[in-house]
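Here's the structure, in C-alpha cells; my notes come after.
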Amino acid sequence: MDMHLFHLLRQRVHGDCALQARLFELTDPKDFLAAVQALAEESGYTLEKADLFEATLAGRRAWHNRSR
Numbered sequence: 861m862d863m864h865l866f867h868l869l870r871q872r873v874h875g876d877c878a879l880q881a882r883l884f885e886l887t888d889p890k891d892f893l894a895a896v897q898a899l900a901e902e903s904g905y906t907l908e909k910a911d912l913f914e915a916t917l918a919g920r921r922a923w924h925n926r927s928r
C-alpha cells in the first residue's frame, strides 16, 4: 500500500466531521471498506481491498493500544 496515499486519505477523513460520522455509522466491515475504497476512487486513487483491510486492522490495534 502506498502509505503516502493512505495518510492523505486519513487526513481527508479527519478533516471532515460529516464524513467521519458517515463512516462511523457503518457497522459492517465490508460496507466500511467499500465506502473507504469509493472515497479513494473519488479522489482519483485506487486502493486494493486487502491493503484497506490491513490498514483498518492497524488502525484498530493503534486505537486499542493508545492508553497502554
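Sequential numbering from 861 applies to the sequence shown in the numbering used here. C-beta: ideal position from N, C-alpha, C; glycine also. Values in this document were obtained by computation on a predicted structure and should not be read as measured data.
To the nearest angstrom, how far is the alpha carbon of residue i from that of residue j?
i: PHE884; j: GLY904; result: 23 Å
i: LEU899; j: LEU868; result: 11 Å
i: ARG870; j: GLN897; result: 12 Å
i: ARG920; j: LEU886; result: 15 Å
For residue i, name the three-state secondary structure that DSSP assigns.
i: GLY919; result: helix
i: GLU908; result: coil
i: ARG882; result: helix
Should residue i be counted as a contact of the ligand ATP given a C-beta to heavy atom distance under 7 Å?
i: PRO889; result: The ligand ATP is not part of the structure shown, which contains no ligands of any sort.
Tell me the residue span of the alpha helix (DSSP H) that contains residue i.
i: ASP888; result: Looking at the DSSP string, ASP888 is not in any alpha helix (DSSP H), and its letter there is neither H nor E.
i: ARG872; result: 863-874
Buried or exposed for residue i, please, with buried defined as at least 16 other CB atoms from any protein chain shown within 10 angstroms of its CB.
i: LEU907; result: buried
i: LEU912; result: buried
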